[in-house]
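K.L.:
This is the structure, below, for whatever I ask next.
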Amino acid sequence: MENLFGMRYPPLRQQRQRMFFSPPPMVEKSSHSRAGDIIYTLAIAAICTVICVVTINLIGEYLYYSARTRLERSEQERSALFKKAASLEKEITTLQDNNTALVEEVASLKNNSAALTKEVTSLQSNTSVLRSGLTGLRAKNASLDRENTFWRDKHRVLQEKIVELNKLSAKRMEQAEQSAIALHKLREEKPAMFFHKQDLTEREKLKSERERLVKSWMQGLQVRKENRDTVSEDSRPQAEIRKGEDDFSTKDMDDYVKGWAKKHREIKEERDGLAKRIKDLEKTCDDCKTRAQKANQKARAEAQRTREVYDRDITFKNRQIAELNQKIRNRDGQIHTVDKTLVECEARRKALAVELKESKEREQAIAAELRDAKDKVSKMAEGLDDDDLYRWAIEFVGPDEAPSEGEWEEVSA
């Protein structure tokens, strides 16, 4: 059995037996078979060398392109990360500036809130003072109302007294009218009894004469009363009785008329006095009423004016307090928003710091991997010649940035 190169092999069974049980037999070869073996060995070696070179070339190119791709990708990621880090740094700076501005604004808002609190306290104290003043005015108004009630009661009492005096005056007037009617009847019946003297002395004489007659008449009445039980009227003479009756009738009528005239004058004077007193009382009551009304109107006007002023001041102060409270609530809302923004900025800053740290770690890992790839490429390129390395360099950096052949020879030398 011969192979392609003319070499003879024993049969398969003998070959197996020789392989496992005994060394292969020494076959005597010719020069032709030895040349074939050398050629076969050289061919196998050349094929293996080509395969190894191609394999190494392919592996190197694959590693080169993969490393170049990863390097470009890492460079892109690195530039993107640097850009992102720069933007994050810029944003962090902006946030810090905003944070400083917000802190200053919060401090100013707190100062304004303190000032507003002081102003609210002063307004509340002013409101308390105004309320105390309003309480004093209400007390004064109450005292004026009590005084008005007192004057009204007094006026009512005076009105009652006036009514009583009017009743008494009406009664006296009725009595005077009755006396005047009686006097008129008496004048009509006995006109001789009435005479008028203008002389005062004559009137005084008549008055003294009438008084004497009245006294004598009273004495006669007393005597008659004393002698009524002892002396009967039948025993007396008729002329004396008639004379006594005539004297009695004349004196009695004259005294009666004078007494009624005097009583009429007294009643008239008393009525005039009562009327004058009633007028004075009415005038006093009207004056008191007018004064009380004026005082009440003045007090009410002053109280109303003061109440309006106080109500206007209180309304204005309450509106100011409401505005200040609204400002305080708005500032509190702004402070809350600023605090919330500060918390969000701090959380975002921490997240960006963590992301920056991760990007730095990723960059370090890519740089380490790139160094490993460079080391592998350099190790793989140790067995290659300068032409292959020059070709790889051109492919790696590009034809524009690649060195010339002379520079490459100088570098490789």
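As numbered in the UniProt record's numbering, residues 1 to 413 make up the sequence shown, in order. Note that CB positions come from ideal geometry on N, CA and C, so glycine has one too.
#1: Compare the Cα-Cα distances from R307 to each of L63, Y64, G136, D37 and report the closest residue.
#2: What separation, rounded to the nearest whole angstrom, lies between the Cα atoms of D372 and R70?
#3: On the criterion of 16 or more Cβ atoms from any shown chain inside 10 Å, does Q17 qualify as buried, or is it exposed?
#4: Quick check: the Cα distance between I44 and L370, rounded to an integer number of angstroms?
#5: Restricting to Cα atoms, I'd like to know which of T55, D37, S74 is closest to A367.
#6: What's the C-alpha gap between L144 and I328?
#7: How long is the line joining the alpha carbons of E344 and V54, rounded to whole angstroms?
#8: Nearest by alpha-carbon distance to T121: which of E72, I56, A322 is it?
#9: I51: buried (16+ other C-beta within 10 angstroms of its C-beta) or exposed?
#10: What is the C-beta distance between Q175 and I267, in whole angstroms, given that I count them as a contact (C-beta under 8 Å)?
#11: Please report the straight-line C-alpha distance between K167 and K262, rounded to a whole angstrom.
#12: Select from Q334, S79, K171 the residue whose C-alpha is nearest the C-alpha of E104.
#13: Ignore the nearest five residues each way along the sequence and tell me which others in Q304's own chain have a CB closer than 7 Å to its CB.
P.N.:
A quick look at the data gives this:
#1: G136
#2: 12 Å
#3: Bear in mind that a pLDDT of 45 at Q17, under 50, signals an unreliable position, so the number given afterwards is only what the model happens to contain. Counting Cβ neighbours within 10 Å, Q17 comes out exposed, since fewer than 16 surround it.
#4: 37 Å
#5: S74
#6: 44 Å
#7: 59 Å
#8: A322
#9: exposed
#10: 6 Å
#11: 22 Å
#12: Q334
#13: none
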